[in-house]
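Protein chains in written order, with our numbering: chain A, 104 to 181; chain B, 4 to 135. Ideal Cβ placement from N, Cα and C applies to all residues, glycine included. This report refers to the structure that appears directly beneath it.
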């Protein structure tokens, strides 16, 4: 990837951001929110409060955390 | 507040989405719309004068081409296994799914729902008789 010319890398990055709207949530081991960012509004997520359990703020996360080191792929959620 | 994740599991077109729509929004439609992925709803219920928030995961129905992704069931406190009484094969699918779910998330409580009572004349399942 790194041997790609800068304009192509930039194009790929822009495409990714436009198509996938990446966002992130960082929680502690108890599932409380530490940090968040990215395109959260694309998913209707607003007014997050740090220090509060994330499952109380984004209800579909109930039961999913902690991830215990493994990846979890959940495609096509509405 | 107590919050619990509950999943709807079963073969395709057994009525999982309709059951959730009826329970959450008190509506029913005859129009069949297949579920893609998972649709999540929230419903508050009162249990022993305590408010409980049910997080309902309506999973797409399993068929020959598409197996249910077990990662959707992670963290579930229970699940409904939905069977279409007019299609015997959906009972077999439910049994297979139940074994798979138990293998993945352990022995969490589940309820077998025999759906489509209004079409009982067309049922392929008979009372007191094993469908196998």
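- Under the DSSP assignment, residue 54 of chain B falls in the beta strand (DSSP E) whose first and last residues are 53-62.
- Inclusion of residue 76 of chain B and residue 107 of chain B in the CB contact set at 8 Å is warranted, their separation being smaller than that value.
- Taking each of B:64, B:79, B:50, B:70 in turn and checking the Cα distance to residue 164 of chain A, the smallest one comes out for B:79.
- Around the CB of residue 44 of chain B, 16 or more other CB atoms lie within 10 Å, so the residue is classed as buried.
- Every beta strand (DSSP E) of 3 residues or more that sits fully in the segment 30-114 of chain B is shown, in chain order, as 41-50, 53-62, 81-87.
- Fully contained in the segment 122-163 of chain A are the following alpha helix (DSSP H) runs of length 4 or more, in chain order: 157-160.
- Residue pairing by DSSP places residue 13 of chain B opposite B:85 in a beta bridge.
- Close CB contacts of residue 168 of chain A within its chain, under the 8 Å cut and outside five residues either way in sequence, are with 130, 134, 157, 158 (chain order).
- With respect to chain B, the C-beta atom of residue 171 of chain A has no partner C-beta closer than 8 Å.
- Rounded to whole angstroms, residue 94 of chain B and residue 53 of chain B show a C-alpha spacing of 35 Å.
- Contact between the segment 87-102 of chain B and the segment 11-19 of chain B is established, with three or more Cβ pairs separated by less than 8 Å.
- Interface with chain B (8 Å Cβ-Cβ cutoff): residue 115 of chain A is excluded.
- Cβ contact annotation for residue 145 of chain A (same chain, cutoff 6 Å, sequence separation greater than five): 124, in chain order.
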